[in-house]
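What follows is a set of notes on a single structure, which appears directly below.
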Amino acid sequence: DTGVSQNPRHKITKRGQNVTFRCDPISEHNRLYWYRQTLGQGPEFLTYFQNEAQLEKSRLLSDRFSAERPKGSFSTLEIQRTEQGDSAMYLCASRSRQGRSGYTFGSGTRLTVV
Amino acid sequence: SQQGEEDPQALSIQEGENATMNCSYKTSINNLQWYRQNSGRGLVHLILIRSNEREKHSGRLRVTLDTSKKSSSLLITASRAADTASYFCATGALLQGAQKLVFGQGTRLTINP
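So the sequences go chain by chain: A and B.
Note that our numbering gives residue 57 to position 53 of the first sequence, counting from 1, and the numbers run on in steps of one.
Note that our numbering gives residue 106 to position 104 of the second sequence, counting from 1, and the numbers run on in steps of one.
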């Protein structure tokens, strides 16, 4: 286990379809974060899990977005009824409870809604 | 909305020169972190400086933090072509007892061979 894994790397979907992304954090990390990044911008916080509990959701996360982290291991981010404005890079990061360093990010899932 | 603002938005220098990027933020922080992102990839953590620290070094990187001015700088010395990337500062704030990172818009650095 050398890092945070995200799948798929790329996803092209038609407007109105549902998509689901998966994030596998570093196994001993109990904290997991989802960020969204659009072209030329910095990542924006979406939601945060501590173990299996979802402790905060950003206002950016509309009702069409839902995230889960069953058993405090991997996490999924689902977008229902996708819109063109959902096109972005979706980044997952994890951090240990005793982390005194930065977050470890995955390579992201690039979503294109056509 | 993003808290940090990087300056400049883009920087182009010759290989071997030093590159300096600045970051300003608005609220109180526990720490400030710098990340690098190559095009189309995830972010890589470079360095973390705590709010009670003023300067930190890591290899060719030097970070300063001035909490009175709510600003930080990242200096990359003796730049290399491989340093070409976007650099983001991120401020750490407490969220439900854990940290939440808020990113700036980044500085796009180009190192010309």
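Yeah, the Cβ is synthetic: ideal placement off N, Cα and C, and Gly gets one too.
* Asked: If contact means a Cβ-Cβ distance below 9 Å, which residues of the region 94-112 of chain A contact chain B?
  -> 95, 96, 97, 99, 101, 103, 104, 105, 106, 107, 108, 109, 110, 111, 112
* If you scan the region 59-89 of chain A from start to end, which runs of the beta strand (DSSP E) of 3 or more residues do you find wholly inside it? -> 69-72, 79-83
* Return no unless some Cβ of chain B is closer than 8 Å to the Cβ of residue 89(A). => no
* Asked: Looking at the structure shown, is residue 84(B) part of a helix, part of a strand, or coil, going by DSSP?
  -> helix
* Asked: What span of residues does the beta strand (DSSP E) with residue 118(A) cover, start to end?
  -> Run containing residue 118(A): none; DSSP gives neither H nor E here.
* Where residue 26(B) falls: helix, strand or coil (DSSP) -> strand
* When you compare only the Cα positions, how much space is there between residue 27(B) and residue 68(B)? -> 11 Å
* Asked: What distance in whole Å lies between the Cβ atoms of residue 12(B) and residue 110(B), which are believed to be in contact at a cut-off of 8 Å?
  -> Between residue 12(B) and residue 110(B) the Cβ distance is about 5 Å, and since that is below 8 Å, they are a contact.
* Could you tell me which residues DSSP puts in a beta bridge with residue 47(B)? => 37(B)
* Taking 8 Å as the threshold, find out whether the region 90-107 of chain A comes into contact with the region 23-43 of chain A through three or more Cβ pairs. => These segments touch.
* Cα-Cα separation between residue 204(A) and residue 96(B), rounded to whole angstroms -> Residue 204(A) lies beyond the residue range present for chain A, which begins at 5 and ends at 118; the question has no answer from this structure.
* Taking the DSSP output, what are the residues bridged to residue 91(A)? -> Looking at the DSSP assignment, residue 91(A) forms no beta bridge with any residue, so it has no partner.
* **residue 60(A) versus residue 118(A): straight-line alpha-carbon distance, rounded** => 30 Å
* **Beta-carbon spacing of residue 34(B), residue 106(A) below 8 Å** => no
* Asked: Is the Cβ of residue 107(B) closer than 8 Å to any Cβ of chain A?
  -> yes
* **Contacts that residue 45(A) makes with chain B (C-beta to C-beta distance below 7 Å)** => 107
* To do: Note down the Cα distance separating residue 56(A) from residue 78(A), rounded to an integer number of angstroms.
  => 9 Å
* To do: Would you kindly check if the distance between the Cβ of residue 110(A) and the Cβ of residue 108(B) is under 8 Å?
  => no
* To do: Assess, as a yes-or-no matter, whether the region 17-31 of chain B is touched by the region 75-91 of chain A under the definition of 3 or more beta carbon pairs within less than 8 Å.
  => no
* Asked: Alpha carbon to alpha carbon, what distance is there between residue 8(B) and residue 105(B)?
  -> 10 Å
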